[in-house]
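Respectively, the protein sequence lines represent chains A and B. Note that the first sequence covers residues 1 to 127 in my numbering. Note that the second sequence covers residues 128 to 267 in my numbering. This report refers to the structure that appears directly beneath it.
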Amino acid sequence: MSHDPINRSAQSWKKSEKHGAGEWLAERFTSIALIPLVLWAAYAAFTIAGTGYDGALAFVSKPFNILAIAATMLITAWHMYMGVKVIIDDYIGKPGTRGFLLFLTFALSAAVVAATGGALWLVYQGA
Amino acid sequence: MSEKTLAPRPLPPRPMSPHLQIWRFHFTMFSSIMHRITGSAAIGGVVLIAAWLVCLALGRDTYTLFTQYAASPLGLLVWFGLSLAGFVHLTGGLRHLIWDTGASFELKKANALTAWTFALGIVLTLAFWAVLFATGKVTL
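So, in structure tokens, the structure goes:
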């Protein structure tokens, strides 16, 4: 019994309880990737600010910017799902409530990815 | 007969973390909570940026409607708050990545690193908005 606090084998102590190592690495991977991406996003926001519809469309239509926006939003959605999941796992004890909140978090992250992907595709088609 | 009384007693239920009721306030605990709060607040920024992109894709009228709200004084206040949350979460993440390597984990160094990363997040936010206003890209 892996959940028996006394009679755990040495082997079971060495393993993460579920799949902690993979999540830990994914958190660090997304964190490191987001440092340059978020700084680029701040530069992008500065470039777009005050340029109106035409300026914003011209910026977002550029292939490099489409890729950069897509990467930033995709990794951000992944990062925020993992971050909120940690908070929910820490504070919500009831499995039903926790599962429901995790589902909502996943739905929000997926919606961000879908909205970004759809919008970028439309802009790319129009360009 | 007496063996029964000598048998190890079962352990009490193990505590869950973190135990908010018994935690004495300290700086790195505050920064840990702030990292969660700023990260959660930044989600609002992510949703707004996605909404901005959708409005851009839908055409000039929708985009103009979005920027009317986004560039209003209240809209700018919201963007300012979200950028503050974003920058403080960014530098807080940097702090955690430094801690992940095992560096600056001593109490005094950890407190100093926390103060520096908070300061850097605030300075980045103020610099960002100072440049936006100074170049006339954003006006009140």
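Backbone N, C-alpha and C fix where the C-beta goes; we use that ideal spot for every residue, glycine too.
Q: Give a yes or no on whether the C-beta atoms belonging to B/G172 and B/A198 are separated by under 8 angstroms.
A: no
Q: Look at the Cβ atom of B/G229, then the Cβ atom of B/S158, and state whether they are nearer than 8 angstroms.
A: Contact flag unset, no.
Q. If we call anything under 8 angstroms between Cβ atoms a contact, is A/A49 one with B/L259?
A. yes
**Q.** Counted within 10 angstroms of its Cβ, other Cβ atoms place B/L201 as buried (16 or more) or exposed
**A.** Result: exposed.
Q) Straight-line CA distance for A/V60 to A/A26? A) If I take the Cα positions, the gap works out to 28 angstroms.
Q. Mind pulling the alpha helix (DSSP H) runs of 4 or more residues that sit fully within the segment 33 to 99 of chain A?
A. 52 to 61 and 63 to 91
Q | Option in A/E23, A/A77, A/I35 and A/A41 with minimal Cα separation from B/I170 | A | A/A77
**Q.** chain B contact residues for A/M82, given Cβ-Cβ distances below 9 angstroms
**A.** Ordered by position in chain B, no residue passes the 9 angstroms Cβ test against A/M82, which lies about 10 angstroms from the chain.
(Q) Tell me the rounded alpha-carbon separation between A/S2 and A/V38. (A) Any reading at A/S2 must be qualified, since the residue scores a pLDDT of 45, below 50, and its modelled position is unreliable; the value itself is stated next. Roughly 41 angstroms separates the two Cα atoms.
Q: Please name the residues in the segment 41 to 67 of chain A whose beta-carbon is closer than 7 angstroms to at least one beta-carbon of chain B, in chain order.
A: Per Cβ criterion, the list reads A42, F46, A49, G50, Y53, A56, L57 and V60.
(Q) Quick check: what's the CA-CA separation for B/T252 versus A/A115? (A) 27 angstroms
Q: Classify B/L323 as buried or exposed, calling it buried when 16 or more other Cβ atoms lie within 10 Å of its own Cβ.
A: Residue 323 of chain B is absent from the structure shown; chain B starts at 128 and stops at 267.
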